[in-house]
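Chains as they are written, first to last, in this note's numbering: chain A, 140 to 584; chain B, 54 to 205.
See below for the structure under consideration.
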Amino acid sequence: MLNPDTLKADFPLLGRTVRGGKPLVYLDSGATAQKPQPVIDAELAFYAQSNAAVHRGAHQLAEEATEAYELARAAVANFVGAAEDEIVWTKNATEALNLVAHGFLNASLAASAKTTGGGPASTVVSDAAQQRYRLQAGDEIVVSEAEHHANLVPWQQLAAKTGATLRWIGLTDEGRLDPETYSVIGPRTRILAITHASNVTGAITDVAELVRRARDVGAYVVLDACQTAAHMPVDLHALDVDFAAFSAHKMVGPTGVGALFGKRELLEDLPPFLTGGSMVEVVTMESTSFMPPPQRFEAGTQMVAQVVGFRAAVEYLSALGMDQVAAHEAEMAQLMIDGIADVPGVRLLGPQDSADRLAVVAFEVESVHPHDVGQVLDSLGVAVRVGHHCAQPIHRRLGVHASARASAGVYTTAADVEAFIAGLHEVRRFFGFAESAAPAARGGV
Amino acid sequence: MADAMEQLYQQVILDHARARQGEGELAEYGGESFQLNPTCGDQVTLRVQLDEDRETIQALGWTGQGCSISQASLSVMYELVIEQKVTRAAELGEHFRELMAARGQELDPARLEALDDASAFTGVARYPARIKCALLGWMALRDALAQAQVGA
Ligand SMILES: Cc1ncc(COP(=O)(O)O)c(C=O)c1O
């Protein structure tokens, strides 16, 4: 079994204190994870030994850097059950999702320029791309009400620009995708963009059922694997999704790098998003031909040191074993759920049990605003997230303006969860609520 | 923790957050402002009505939701500016902004005294993420007053 107590020592930051000497209890891994020494070392070693631009230049350093860059691609592909040429580096998951949405947009613009006899746009977007990815009025894009803004706003924009209609899967009162509303996936659906797990409730999506429905109607499936990739085994080929996005920084890797997964034949046809150096074949003053994927989508000088760090991160997680990671975090989820249930006046948002969920728990403290909850926890050294966590619609659906959220990582211990729960009791006391539900002298806020 | 938290959440702040002054919708108004703090979702809609000469704040009402700091700040601000000259309200707003920029240092006695209950927010300025909460109402006031002064 994975031992978080010894594992903590791998993460230098977790040894620091905050707010006047309090040991840090970091429960904000859902926002970004802390980094183990091997990841920090990998980035350092790259800068100290091999730094050079990749896929350019003939010198030894350029060769070494390029090799490191491509070996990392193979490692990350392997980690998520993909082939090497199906992984595109992006700056984060947000960029990966925008890359796909803009592929559809550029194909749609080229196709409509052609039908209206417009300019040379059609020469840069292949006929195959236009056929595959063109959206127009009457087409539908389906998302869910649980999406992070990163997997909602780009699709909203795409719909607005192409005339397509955005529809969404609704949620149950527990915050899970409501199967009763899966029927929004219909013959007009061209894209189903869905989160693998909610970053608010931790609820894990039944991807297989949604993929089956999407296949029935010939829609592409885009999976936001941001929360899952770091916390459970993810096999993108087995899930049979068409595109997927994730960020290294949530997977104990560096900031500044993420990845887009796309099935090879789909990436072949997808028009580029960002254009410029490193992604072109022949450039004249009139036109340009583009490289095959993944280079087609990696314009400009790349974040090589971070890519190298990303490899170290997936190797670190693989060495722990993602099954072990998932089992450990399920235990932490259960401890958090049970602990919260014992604090008077605190309500768990989302699923009330630990089945099919990650160790991400959002909660509401009666009569105390989440920002104030976070402030008191912070004064005790406990770091949680407060606000809407970039997911306003799900909060609206759950009937709250904002929430506080605790989320675990590989290094979270039972003692961390205990400190958090003790802090929650303290929050209530501080704002004048006795342990019984009745407000005491200080008076509620 | 007790000390740091009690310095931040002064009793004045807790009291105002609970018994909020000026909360409510104003039916007749010359200026209105909606302000949002996107990091935590706090929001406020604030309306003001000036007198005929557009020199004095005759009525002020606000609605919204937010943390205790933003709510208390709105409430304290209401008490400070109601029935005051627009120029005075602007001056107090400047003092409060200075207080928020002071990283927890006190202002000179004259300005502190002018700020009255609002001086209880001195400790808020030590927490960069909370400064926006405390300023939410003052931003709305500045905006609504500007409208009320130029309005038809
Ligand atoms: C579910 C989900 N999707 C997308 C994102 C966006 O990730 P990033 O900000 O790294 O692009 C996040 C993280 O904030 C997330 O939790």
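Even for Gly, the Cβ is constructed at its ideal location relative to N, Cα and C.
None of these values were measured; they are calculated from a predicted model.
Beta-carbon contacts of residue i that lie in its chain and below 7 Å, excluding the five residues immediately before and after
i               : result
A221 of chain A : L375, H376 and F400
I110 of chain B : V101, L103, V134, I135, E136, Q137, V139 and A142
Simplified DSSP assignment, three categories, for residue i
i               : result
V264 of chain A : coil
P490 of chain A : coil
G117 of chain B : strand
Y359 of chain A : strand
I280 of chain A : strand
G204 of chain B : coil
Q463 of chain A : helix
T326 of chain A : The amino acid occupying residue 326 of chain A in the given sequence is Pro; Thr does not appear at that position. Coil, per DSSP.
L90 of chain B  : The residue asked about is misnamed: residue 90 of chain B is Asn in this sequence, not Leu. Here N90 of chain B sits in strand by DSSP.
K147 of chain A : helix
E76 of chain B  : strand
F400 of chain A : strand
Q111 of chain B : strand
D374 of chain A : coil
Q96 of chain B  : strand
L244 of chain A : helix
R524 of chain A : strand
D495 of chain A : coil
Contact set for residue i: own chain, Cβ-Cβ below 8 Å, skip 5 residues either direction
i               : result
K230 of chain A : G395, V396, G397 and M442
V361 of chain A : L236, V239, N290, I330, L331, A332, I333, V380, D381, F382, A383 and A384
A353 of chain A : I324, T328, L331, Y359 and V360
I476 of chain A : L487, Q491, D492, S493 and V500
Cβ neighbour criterion (16 or more within 10 Å) applied to residue i
i               : result
V521 of chain A : buried
P393 of chain A : buried
H198 of chain A : exposed
S247 of chain A : buried
S426 of chain A : exposed
V507 of chain A : buried
T145 of chain A : exposed
D492 of chain A : exposed
V499 of chain A : buried
G160 of chain A : exposed
F572 of chain A : buried
A558 of chain A : buried
S322 of chain A : exposed
C-beta atoms of residue i and residue j nearer than 7 Å
i               : j               : result
A303 of chain A : I324 of chain A : no
L487 of chain A : A336 of chain A : no
L166 of chain A : V157 of chain A : no
N237 of chain A : P293 of chain A : yes
L141 of chain A : L459 of chain A : yes
I330 of chain A : T320 of chain A : no
V239 of chain A : F449 of chain A : no
L310 of chain A : E284 of chain A : yes
V556 of chain A : L456 of chain A : no
A543 of chain A : H527 of chain A : no
F373 of chain A : A364 of chain A : Reading off the sequence, residue 373 of chain A comes out as Val, not Phe. It is a contact, given that the beta carbons lie within the stated cut-off.
V512 of chain A : H564 of chain A : no
G146 of chain B : R195 of chain B : yes
G484 of chain A : S168 of chain A : no
Same chain, Cβ closer than 6 Å to residue i, five either side skipped, listed in chain order
i               : result
L127 of chain B : W115 and G190
Y208 of chain A : V193, V443 and V446
R107 of chain B : Q202
V227 of chain A : L399, P433 and F436
S428 of chain A : E420 and V421
E203 of chain A : S189
L61 of chain B  : G176
T328 of chain A : E279, V281, V356 and A358
Q296 of chain A : none
R179 of chain B : G157
V129 of chain B : H69, D170 and A171
L413 of chain A : A438
7 Å Cβ cutoff, residue i in contact with chain A
i               : result
T175 of chain B : no
Q118 of chain B : yes
A57 of chain B  : yes
T98 of chain B  : no
G94 of chain B  : yes
S121 of chain B : yes
CB contact below 7 Å: residue i versus chain B
i               : result
S261 of chain A : In this prediction, S261 of chain A scores a pLDDT of 43, lower than 50, which makes its location untrustworthy; the coordinate-derived value is nonetheless stated afterwards. Judged by the 7 Å Cβ criterion, S261 of chain A is not in contact with chain B.
S518 of chain A : yes
H527 of chain A : yes
A541 of chain A : yes
H508 of chain A : yes
D355 of chain A : no
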